[in-house]
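Student: Just passing along the structure, written as structure tokens.
Numbering (the working numbering), first residue to last: 62 to 583.
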């Protein structure tokens, strides 16, 4: 996830809130194609290095050996042979080339492709502290876990299946873990915590991308970033850093964005932050449970959401401004109309007019806790799935944890004595300051990236039922970029990880394919 548990971030005071919110081998070579010679066998690798996610941990010497395996997958009726490269690559500091961190990554590269035209996409989750297991095994890699969201009755662990919606037909894919997550670690004299902050994290990711591109001869390849949740915060800063360093990007994909922590009322502990941007998500979730009046069909949900946007912008937001300044509730019929639009009672709106998503989660359905990452999930408050505060996360997490532990050694032939860290405690140490603010606002970073590269394309992907990173607040934040035909918003039924929904994943792959086509045409 990110924004915490991967896609699913703030001092320890509100870490819990966030937690509920998600190189083809080192060593060299600049070959003309991505494929190995036809007679190159698979190369298993046992990495003896012990890795740690501890704040003060580091490795003395980086190891860039990799496991290399070969596969074939079918996408759109076309057989695609590909190579998987699994291991570590060292990020070297810009200008001095001093070693900074040993990044763990898995790269999937289609064989027999022209590297000057073949795109390469860098995927990462967020947290902070999350590994990229969620995007790696859930989204658009060649394999995916069949989670069948929002079901909580699907057999577990989820089966790992061939991914008919993989992006491998469009781009090579590099899934990389942040420092202190997965098996990524700082290199001495640095420690993991050296990179646990908005600016330090983005800078070391820049240096990983630079190194991957250099080592693998991808200078001419079109380059894309794909971040989820806090990974979108990283993407905005990283895009600007890469463009500033002279590495031009073709596109940035933002999955379930948190681009400005200062406008997210659950992420920002200040009481004056309005929650109106969440209300359309509340209405979409209420409609899922048939609690709204009217209750739209699935096909009519986008039109219904339009009415919620209007209500949020024109009436709720001004009323919440007054409420937060003076403590005065609206005297008109707004409360009952909010109840009808969202499905949560007028008395609840009266009790918490600036309604937070955690409050909505708790009180929408009597005796039930609904999901934070996916508001369509509902379990009894006494259920073990409710024990961690987000049943939509608690249900899926064990399958991802167990599968990555077996997939790396058994399929990708990479073995290591360490436990793969799905989620570290980096969030408790994270430095959220950025550009003079105590919490990051990265819209100016995206604007600066556009100033460097006006042809840059940005695609924002959002779930209607995501209560961690609300789709409408993302719309409001992205609108600050101004009217720009190179910026698109897309919306799907589903939560934080829309790709776990079998219908939405198909729609999302089609939108992504069109986005890449458009970006490459420029």
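C-beta atoms are modelled at their ideal positions from N, C-alpha and C, and glycine is treated no differently.
Straight-line CA distance for residue 382 to residue 323?
Tutor: Within the chain shown, the letter at position 321 stands for residue 382. Within the chain shown, the letter at position 262 stands for residue 323. Roughly 15 Å separates the two Cα atoms.
Student: Can you tell me whether DSSP reads residue 375 as helix, strand or coil?
Tutor: The residue given as residue 375 occupies position 314 in the chain shown. If DSSP states are grouped into helix, strand and coil, residue 375 belongs with the helices.
Student: For the pair the stretch 241-249 and the stretch 473-482, tell me if three or more CB-CB distances fall below 8 Å.
Tutor: yes
Student: Roughly how many angstroms lie between the CA atoms of residue 111 and residue 162, to the nearest whole one?
Tutor: Sequence index remark: in the chain shown, residue 111 carries index 50 (1-based). Sequence index remark: in the chain shown, residue 162 carries index 101 (1-based). Taking the straight line joining both Cα atoms gives about 14 Å.
Student: Put residue 575 into one of helix, strand or coil per three-state DSSP.
Tutor: Residue 575 sits at position 514 when you count from the first residue of the chain shown. Three-state DSSP puts residue 575 in a helix.
Student: Comparing C-alpha positions only, which one of 390, 108, 116, 142 sits nearest to residue 251?
Tutor: Stepping through the chain shown from its first residue, residue 251 is reached at position 190. Considering only alpha carbons, the answer is 116.
Student: Output yes or no for whether 7 Å exceeds the beta carbon distance between residue 586 and residue 342.
Tutor: Limits of the chain in this structure are 62 at one end and 583 at the other, which puts residue 586 out of reach.
Student: Just to confirm the assignment, what range does the alpha helix (DSSP H) spanning residue 552 have?
Tutor: One-based indexing of the chain shown puts residue 552 at position 491. First-last for residue 552: 548-553, but that is the beta strand (DSSP E), not the alpha helix (DSSP H).
Student: By DSSP's criteria, residue 523 is part of a beta bridge. Which residues make up the other side?
Tutor: Here residue 523 refers to the residue found at position 462 of the chain shown. 552, per the DSSP bridge assignment.
Student: Note down, in chain order, each residue of its chain lying with its Cβ closer than 6 Å to the Cβ of residue 547, except the 5 sequence neighbours on either side.
Tutor: Taking the chain shown and counting its residues from 1, the one referred to as residue 547 is at position 486. Excluding positions up to five away in sequence, the list reads 518.
Student: Closest to residue 374 by CA distance: which of 186, 533, 501 is it?
Tutor: Numbered from its first residue, the chain shown carries residue 374 at position 313. Among 186, 533, 501, the Cα nearest to that of residue 374 belongs to 533.
Student: Going straight from the alpha carbon of residue 317 to that of residue 397, what length do you get?
Tutor: Residue numbering aside, residue 317 sits at position 256 when the chain shown is read from its first letter. Residue numbering aside, residue 397 sits at position 336 when the chain shown is read from its first letter. Taking the straight line from one Cα to the other gives about 30 Å.
Student: Within its chain, find whatever has a CB closer than 7 Å to the CB of residue 446; leave out the 5 residues flanking it on each side and keep chain order.
Tutor: Here the question's residue 446 lines up with position 385 in the chain shown. Taken in chain order, the residues that qualify are 213, 440, 452, 455, 456.
Student: Do residue 338 and residue 435 have their C-beta atoms closer together than 7 Å?
Tutor: Within the chain shown, the letter at position 277 stands for residue 338. Within the chain shown, the letter at position 374 stands for residue 435. Their beta carbons are not under 7 Å apart, which means residue 338 does not touch residue 435 by this criterion.
Student: Which value, in whole angstroms, describes the spacing of the CA atoms of residue 89 and residue 173?
Tutor: Here residue 89 refers to the residue found at position 28 of the chain shown. Here residue 173 refers to the residue found at position 112 of the chain shown. Confidence in residue 89 is poor, its pLDDT being 32 and thus under 50, which makes the residue's placement too unreliable to answer from.
Student: If distances are taken between C-alpha atoms only, which option among 158, 129, 135 comes closest to residue 18?
Tutor: A question about residue 18 goes unanswered here, because the residues of the chain that appear run from 62 up to 583.
Student: Could you tell me the distance, in whole angstroms, from the CA atom of residue 549 to the CA atom of residue 496?
Tutor: As a working mapping, residue 549 is identified with position 488 in the chain shown. As a working mapping, residue 496 is identified with position 435 in the chain shown. Cα to Cα, the separation comes out at about 26 Å.
Student: Around the Cβ of residue 86, are there at least 16 other Cβ atoms within 10 angstroms (buried) or fewer (exposed)?
Tutor: As a first step, residue 86 must be located in the chain shown, where it is residue number 25. Only weak support exists for where residue 86 lies, its pLDDT of 33 falling under 50; the coordinates are left without a value.
Student: Grouping DSSP H, G and I as helix and E and B as strand, with all else coil, what is residue 158?
Tutor: Sequence index remark: in the chain shown, residue 158 carries index 97 (1-based). Here residue 158 sits in coil by DSSP.
Student: For the beta strand (DSSP E) containing residue 229, name the first residue and the last one.
Tutor: The sequence position of residue 229 within the chain shown is 168, counting from 1. Per DSSP, residue 229 belongs to no beta strand (DSSP E) and is neither H nor E.
Student: Beta carbon of residue 369, beta carbon of residue 344: below 7 Å?
Tutor: Numbered from its first residue, the chain shown carries residue 369 at position 308. Numbered from its first residue, the chain shown carries residue 344 at position 283. For the pair residue 369 and residue 344, the CB atoms are nearer than the 7 Å cut-off.
Student: Taking three-plus beta-carbon pairs below 8 Å as touching, is the stretch 184-191 in contact with the stretch 271-278?
Tutor: No: the two stretches stay apart, fewer than three of their Cβ pairs being nearer than 8 Å.
Student: By alpha-carbon positions, which one of 516, 501, 198 ends up nearest to residue 166?
Tutor: Numbered from 1 along the chain shown, position 105 holds the residue referred to as residue 166. The candidate whose alpha carbon is nearest that of residue 166 is 198.
Student: Round the Cβ separation of residue 399 and residue 335 to the nearest angstrom and send it over; I've been treating them as touching at under 8 Å.
Tutor: Sequence index remark: in the chain shown, residue 399 carries index 338 (1-based). Sequence index remark: in the chain shown, residue 335 carries index 274 (1-based). No, residue 399 and residue 335 are not in contact; Cβ-Cβ is about 14 Å, not under 8 Å.
Student: Please state the DSSP three-state secondary structure of residue 624.
Tutor: Lying outside 62 to 583, the shown extent of the chain, residue 624 is not represented and no answer is given.
Student: Let me know the secondary structure DSSP gives residue 414 once reduced to three states.
Tutor: As a working note, residue 414 is residue 353 in the chain shown. Here residue 414 sits in coil by DSSP.
Student: Exposed or buried, which one is residue 426 when buried takes at least 16 other CB atoms within 10 Å?
Tutor: As a working mapping, residue 426 is identified with position 365 in the chain shown. With 16 or more other Cβ atoms within 10 Å, it is buried.
Student: Which stretch, first to last residue, makes up the alpha helix (DSSP H) that contains residue 266?
Tutor: Sequence index remark: in the chain shown, residue 266 carries index 205 (1-based). Residue 266 -> alpha helix (DSSP H) spans 259-276.
Student: What residue range is occupied by the uninterrupted alpha helix (DSSP H) comprising residue 293?
Tutor: Within the chain shown, the letter at position 232 stands for residue 293. Run containing residue 293: 291-305, per the alpha helix (DSSP H) assignment.
Student: According to the Cβ coordinates, are residue 302 and residue 284 closer than 7 Å?
Tutor: Locating residue 302 in the chain shown gives position 241, where the first residue counts as 1. Locating residue 284 in the chain shown gives position 223, where the first residue counts as 1. No. Outside cutoff.
Student: Compare the Cα-Cα distances from residue 134 to each of 289, 179, 203 and report the closest residue.
Tutor: Along the chain shown, one-based indexing puts residue 134 at 73. Considering only 289, 179, 203, the residue with the shortest C-alpha distance to residue 134 is 203.
Student: I'd like to check one pair, residue 205 with residue 224: are the Cβ atoms closer than 7 Å?
Tutor: Translated into the one-based positions of the chain shown, residue 224 becomes position 163. Translated into the one-based positions of the chain shown, residue 205 becomes position 144. Yes, Cβ-Cβ distance for residue 224 and residue 205 is below 7 Å.
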